[in-house]
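Student: What follows is a structure written as structure tokens; I'll ask about it next.
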């Protein structure tokens, strides 16, 4: 006890205020409406806008595209399906 103040009680209450302030900061960050953290939906592009991916034939429907994808993966070729503006 220094100068009539209970040091243990003072430090406990000071620590409680620090923990409460940290909790408030975490909750403000967690429930903020920060637009940078929101994932935007993927937009379709043209065939030449996909970087190193090479376009193949354009199938007439989604089932044919899945069949072509399965043939490529069976041959151990990595392949990706996407819908483009070109079809």
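Residue numbers (this note's numbering): 87 to 173.
Glycine residues also receive a C-beta, built at the ideal position from the N, C-alpha and C atoms.
1. Please report the distance separating the alpha-carbon of residue 106 from that of residue 113.
2. With distances taken between CB atoms, is the gap from residue 132 to residue 170 smaller than 8 Å?
3. Along the chain, where does the alpha helix (DSSP H) that runs through residue 151 open and close?
4. Please classify residue 218: does DSSP put it in a helix, a strand, or coil?
Tutor: In brief:
1. 11 Å
2. yes
3. 148-160
4. Residue 218 is absent from the structure shown; the chain starts at 87 and stops at 173.
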